[in-house]
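Okay, structure first, notes after.
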Amino acid sequence: MSTQSETPVLDTLAAMTVDSLERCGLDEPTLILTRIAALAAMDAPAISYLAHIGPAVEAGMTAEQLQDVLVAVAPIVGTARVMSAAGHITEALGFAIAVAEIEAESGSGS
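Numbering (the numbering used here), first residue to last: 7 to 116.
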């Protein structure tokens, strides 16, 4: 039996992600774009995109690249899903910016 955690769902998702990364031969930007395409295809919520913002920034990805992947999948997944994805990405970015601002304010001794 494994050790109990206070965050078993997050721990499981993190373990699945690590396992996926270890088994995948894609470079980091391609992996992130592939995951963004999959999130758009399944009409994932903003929180799912939020998990990819840090890795996308660390990989040096641009907003244009994210837009390009949505353009590329639009004929397959459809207008509604692409527009939904764009809205969810925007919402996730807004949340990430708000958290970064709060962290910056608390770190500045205010």
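By construction, the Cβ of each residue, glycine as well, lies at the ideal position given by its N, Cα and C atoms.
Please read all numbers here as calculations on a predicted model, not as lab measurements.
Per DSSP, what kind of secondary structure is residue i in: helix, strand or coil?
| i | result |
| --- | --- |
| Gln71 | helix |
| Glu12 | coil |
| Ala65 | coil |
| Asp17 | helix |
| Pro81 | helix |
| Met22 | helix |
| Ala57 | helix |
| Ala52 | helix |
Do residue j and residue i count as a contact pair if the criterion is CB distance below 8 Å?
| i | j | result |
| --- | --- | --- |
| Ala106 | Leu56 | no |
| Gln71 | Leu39 | yes |
| Ala47 | Val79 | yes |
| Asp65 | Glu34 | Per the sequence shown, the amino acid found at residue 65 is Ala instead of Asp. For Ala65 and Glu34, yes; Cβs fall inside 8 Å. |
| Ile59 | Ala102 | yes |
Between which two residues does the alpha helix (DSSP H) holding residue i run?
| i | result |
| --- | --- |
| Ala104 | 85 to 113 |
| Leu39 | 34 to 47 |
When the cut-off is 8 Å and only beta carbons count, does residue i lie next to chain C?
| i | result |
| --- | --- |
| Thr36 | No chain C is part of this structure, which consists of one protein chain only. |
*Is the segment 73 to 82 close to the segment 28 to 44, with three or more CB pairs under 8 Å?*
Because the criterion of three Cβ pairs below 8 Å is met, the segment 73 to 82 and the segment 28 to 44 touch.
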